[in-house]
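**Q** Sequences listed follow chains U and Y, in order.
Quick note, my numbering runs 94 ahead of the 1-based positions in the first sequence.
Quick note, my numbering runs 32 ahead of the 1-based positions in the second sequence.
Backbone N, C-alpha and C fix where the C-beta goes; we use that ideal spot for every residue, glycine too.
Please see the structure below; I have some questions.
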Amino acid sequence: MSEGEMSPPSVSGSAGDELSRFSDRVGFATLTLKEIKRFWSVLGQTVTAPVVTALLYLLVFAQAMKGRAPVYPGVDYTEFLVPGLVMMTVIQNAFANTSSSLTQSKIMGNLVFLLMAPLGAWEWFAAYVSAALVRAALVATVMLLVSAPFVPLPIHAPLALLAMFLLSGASLAVLGLIAGIVASKFDHLAAFTNFIITPLSFLSGVFYSVHALPPFWYAASHFNPFFYMIDGFRYGFFGQADVPIALSLAWAAGCLVLLSAVCLWMLMTGYKLRR
Amino acid sequence: MNTSSPDALSIAGVRKAYGKVQALDGVSFSIRRGEFFGLLGPNGAGKSTLINTIAGLIRADQGSIAVLGHDTVHDWRSARRLIGVVPQELVFDPFFKVADMLRIQAGYYGCGRESWPWIDEMLVRLDLDNKRSSPMRALSGGMKRRVLIAQALVHQPPVVILDEPTAGVDVELRRTLWRFMSELHRKGTTVVLTTHYLEEAQDLCERIAIIDKGQVKVIETTAELLDRNKYRFLRLKLGNGALPESLRPLVCSEKNGITELRLERDKHPIGGVFTALRMAGVDIEDVQTREPDLEDIFIELTGRHSSAVAGAAA
Chain U
95 MSEGEMSPPS
105 VSGSAGDELS
115 RFSDRVGFAT
125 LTLKEIKRFW
135 SVLGQTVTAP
145 VVTALLYLLV
155 FAQAMKGRAP
165 VYPGVDYTEF
175 LVPGLVMMTV
185 IQNAFANTSS
195 SLTQSKIMGN
205 LVFLLMAPLG
215 AWEWFAAYVS
225 AALVRAALVA
235 TVMLLVSAPF
245 VPLPIHAPLA
255 LLAMFLLSGA
265 SLAVLGLIAG
275 IVASKFDHLA
285 AFTNFIITPL
295 SFLSGVFYSV
305 HALPPFWYAA
315 SHFNPFFYMI
325 DGFRYGFFGQ
335 ADVPIALSLA
345 WAAGCLVLLS
355 AVCLWMLMTG
365 YKLRR
Chain Y
33 MNTSSPDALS
43 IAGVRKAYGK
53 VQALDGVSFS
63 IRRGEFFGLL
73 GPNGAGKSTL
83 INTIAGLIRA
93 DQGSIAVLGH
103 DTVHDWRSAR
113 RLIGVVPQEL
123 VFDPFFKVAD
133 MLRIQAGYYG
143 CGRESWPWID
153 EMLVRLDLDN
163 KRSSPMRALS
173 GGMKRRVLIA
183 QALVHQPPVV
193 ILDEPTAGVD
203 VELRRTLWRF
213 MSELHRKGTT
223 VVLTTHYLEE
233 AQDLCERIAI
243 IDKGQVKVIE
253 TTAELLDRNK
263 YRFLRLKLGN
273 GALPESLRPL
283 VCSEKNGITE
293 LRLERDKHPI
303 GGVFTALRMA
313 GVDIEDVQTR
323 EPDLEDIFIE
333 LTGRHSSAVA
343 GAAA
């Protein structure tokens, strides 16, 4: 193109182009790549730090609980602990990726670049969730690779493992998007993390089987979606879990559908994004 | 894509309220294809609200806006692809380098590698070439402003809106920017400009709208706007004596010994002033006449000085 020549790019959309249509693949791919590059540029914070934290939990709890009876037949405590820690890290990082990115863009003001672009709700949604899943997969892979020489794990049901990872990671990525849309300052985001994500993570059976809990907490655990996410993920490794895998899959899928519906409504209506 | 509309921008009955504050109160006007158009108004007049509504950042309560015939609500994808907006605020993404940021922005508009030569050209034209690998957070304010301008142009939109692009930037950037924008305009780009440098608007814009309190006060060609003023100005430096009382009502400023009179062309001939001075025995040391400029028109229409034109609209 000659210097300064201004010819508009071709426009495939027509009058009545729906908000709900996914039609911009280049825009989606660009936003996904941009979100991946964003967390990649601060890999120490976004991948190394959570992996180190999770491995410290593993080290401390493995030592403290050494010699306890196997949680499931043939599964000792350290083996039991690793999948739970991996899924807890996946949950926390999928949430952190979308929520921190969106909140930071809002506070810095650079969200206008996205808001003015011809990207629809589905492209936003798919790009943010995909990038969060890449980060979650990276964190999970590094954790499993680092712990493998010390705690080798079997893989009983790889499809269930993958399904639980995708459904759970995506659910938390979507929750992070919702939090990012709702939050107008980092304090709001911290409230989400401190009062929802962290308590539900720690009360989800990462460090114990819910069968070891008193009746009240045992029953309460069954209303915590994170419990099903972790329990289903553990099933993928051992073929054994506290509840049937179908129930865990149903909870994770239900969470994803419900949260996605809320998030897409927010994106389509411009809730808290467009004044 | 149907872009046969003769108007680059059609704004019809747009209203927007924030609580009890009516930021836009039934704004209607059109900007023709290929125009260099100025949108002026004092602080809080509604300029930025209008621009942000065109850009899709704000939803109007009533009315409609079309970009080259494409409605910004019902046909928003097409409309957004056809405009580039330079926001007023100096916003940037701290995670990326300059060239990466521009390529990302191009991707948002569906432009891939084919847009990279244009990006390289803009980097040269906006004197950003030696900063292409610099992180955004390391740039000075002026450099960040250049990147914002490049971001708005990255998809080569036929309609460009610049919301105070020269606020707080040095003379060199202003010249670079206007040279570049004038060239794009010559090649057919419609340019909409808000600025608080009224001389810029007077020099560059073919038509000007003055907006105040959310309403369009006037929309005329720059020449018509300048001609509509029925006054001219006479600056006097008096040697001895005071200005006669009969001329006092005509004084519009007195500073550093210079008295400026505002004379109505039909009622106050300059010769009459000289006669009054001579009869009062007052000597004239120096005399200058001045035709009204855009600032005078602006003050007359809005009752406010141009320093209040800048920025912080609703």
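Is Arg-109/Y close to chain U, meaning its C-beta is less than 8 Å from at least one C-beta of that chain?
**A** Answer yes: the Cβ-Cβ gap between Arg-109/Y and chain U drops below 8 Å somewhere.
**Q** Under the rule that 16 or more other beta-carbon atoms within 10 Å means buried, what is Leu-213/U, buried or exposed?
**A** Result: buried.
**Q** Output yes or no for whether 8 Å exceeds the beta carbon distance between Val-176/U and Leu-247/U.
**A** Yes. Within cutoff.
**Q** Give the C-beta separation of Thr-104/Y and Lys-48/Y to the nearest angstrom, bearing in mind that I take them to be a contact with Cβ-Cβ under 8 Å.
**A** Contact doesn't hold; Cβ gap of about 13 Å is too wide.
**Q** Run through the DSSP bridge pairs and tell me what Gly-70/Y is partnered with.
**A** In the DSSP output, where bridge partners are listed per residue, Gly-70/Y has Leu-225/Y and Ile-240/Y.
**Q** Hey, Val-268/U and Leu-149/U: beta-carbon distance below 8 Å or not?
**A** It is not a contact, given that the beta carbons lie outside the stated cut-off.
**Q** Is there contact here, the stretch 107-115 of chain Y with the stretch 181-189 of chain U, by at least three beta-carbon pairs under 8 Å?
**A** Judged by Cβ distances under 8 Å, the stretch 107-115 of chain Y makes no contact with the stretch 181-189 of chain U, as fewer than three pairs qualify.
**Q** Who are the near neighbours of Gly-220/Y in its chain, counting only those whose CB is closer than 6 Å to its CB and skipping five residues on each side?
**A** Contacts found: Gly-66.
**Q** Check for me: the alpha helix (DSSP H) holding Ser-298/U runs from which residue to which?
**A** Unbroken run through Ser-298/U: none, as it is neither H nor E.
**Q** Would you mind telling me which residues of chain U sit closer than 8 Å to Glu-25/Y, beta carbon to beta carbon, in chain order?
**A** Residue 25/Y lies beyond the range of chain Y shown here (33 to 346); nothing can be said about it.
**Q** Using CA atoms only, rank isn't needed, just tell me which of Ala-55/Y, Glu-252/Y, Leu-134/Y and Leu-160/Y is closest to Gln-234/Y.
**A** Residue Glu-252/Y is the option with its Cα nearest to Gln-234/Y.
**Q** Check whether the Cβ atoms of Phe-69/Y and Leu-225/Y lie closer than 8 Å to each other.
**A** Yes.
**Q** Compare the C-beta of Val-141/U with all C-beta atoms of chain Y and state if any pair is closer than 8 Å.
**A** Chain Y, which has no Cβ nearer than 8 Å to the Cβ of Val-141/U, makes this no.
**Q** Give the straight-line distance between the Cα atoms of Lys-129/Y and Arg-164/Y, rounded to the nearest whole angstrom.
**A** When rounded, the distance between both Cα atoms is 7 Å.
**Q** Does the stretch 126-146 of chain U come into contact with the stretch 114-128 of chain Y, if we say contact requires no fewer than three beta-carbon pairs (one atom in each stretch) closer than 8 Å?
**A** As far as the Cβ criterion goes, the stretch 126-146 of chain U touches the stretch 114-128 of chain Y, which means the pair count is three or higher.
**Q** Where does His-382/U sit, in a helix, a strand or coil, going by DSSP?
**A** Chain U is shown only over 95 to 369; residue 382/U falls outside these bounds and no answer can be derived.
**Q** Under the three-state reduction of DSSP, which class applies to Lys-200/U: helix, strand or coil?
**A** Lys-200/U falls in the helix class under three-state DSSP.
**Q** Along the chain, where does the alpha helix (DSSP H) containing Asp-325/U start, and where does it finish?
**A** Residues 319-332.
**Q** Mind checking if Met-159/U is an interface residue toward chain Y, Cβ cutoff 8 Å exclusive?
**A** For Met-159/U, the answer is no, since every Cβ of chain Y falls outside 8 Å of its Cβ.
**Q** What does DSSP give as the partner residue(s) for Pro-38/Y in the beta ladder?
**A** Answer is none; Pro-38/Y lacks a bridge partner.
**Q** Quick one: grab the DSSP three-state call for Tyr-141/Y.
**A** Residue state, collapsed to three classes: coil.
**Q** Going along chain U, which residues have a C-beta under 9 Å from Pro-126/Y?
**A** The contacting residues are Gln-198, Met-202 and Asn-204.
**Q** With a threshold of 7 Å on Cβ separation, who are the neighbours of Glu-129/U within its own chain once the five nearest residues in sequence on each side are excluded?
**A** So the list reads Ser-195, Ala-221, Tyr-222 and Ala-225, once near-sequence residues are dropped.
**Q** Entirely within the stretch 179-219 of chain Y and at least 4 residues each: give me those alpha helix (DSSP H) ranges in chain order.
**A** DSSP runs (the alpha helix (DSSP H)) wholly in the stretch 179-219 of chain Y: 203-218.
**Q** Label Asn-119/U either buried or exposed according to how many other C-beta atoms from any shown protein chain fall within 10 Å of its C-beta, with 16 as the threshold for buried.
**A** For the sequence presented, residue 119/U should be read as Arg rather than Asn. Arg-119/U should be labelled exposed.
**Q** CA-CA distance, Ala-346/Y and Ala-273/U?
**A** The pLDDT assigned to Ala-346/Y is 32, lower than 50, so where the model puts this residue is not dependable; a value taken from the coordinates is nonetheless given after this. Their Cα atoms are separated by approximately 27 Å.
**Q** Which residues in the same chain have their Cβ closer than 6 Å to the Cβ of Ala-251/U, if we skip the five residues on either side of it in sequence?
**A** Excluding residues within five positions, the ones whose Cβ falls inside 6 Å are Gly-330.
**Q** Going by beta-carbon coordinates alone, are Asn-272/Y and Asp-315/Y separated by less than 8 Å?
**A** Cβ distance < 8 Å, so Asn-272/Y and Asp-315/Y count as in contact.
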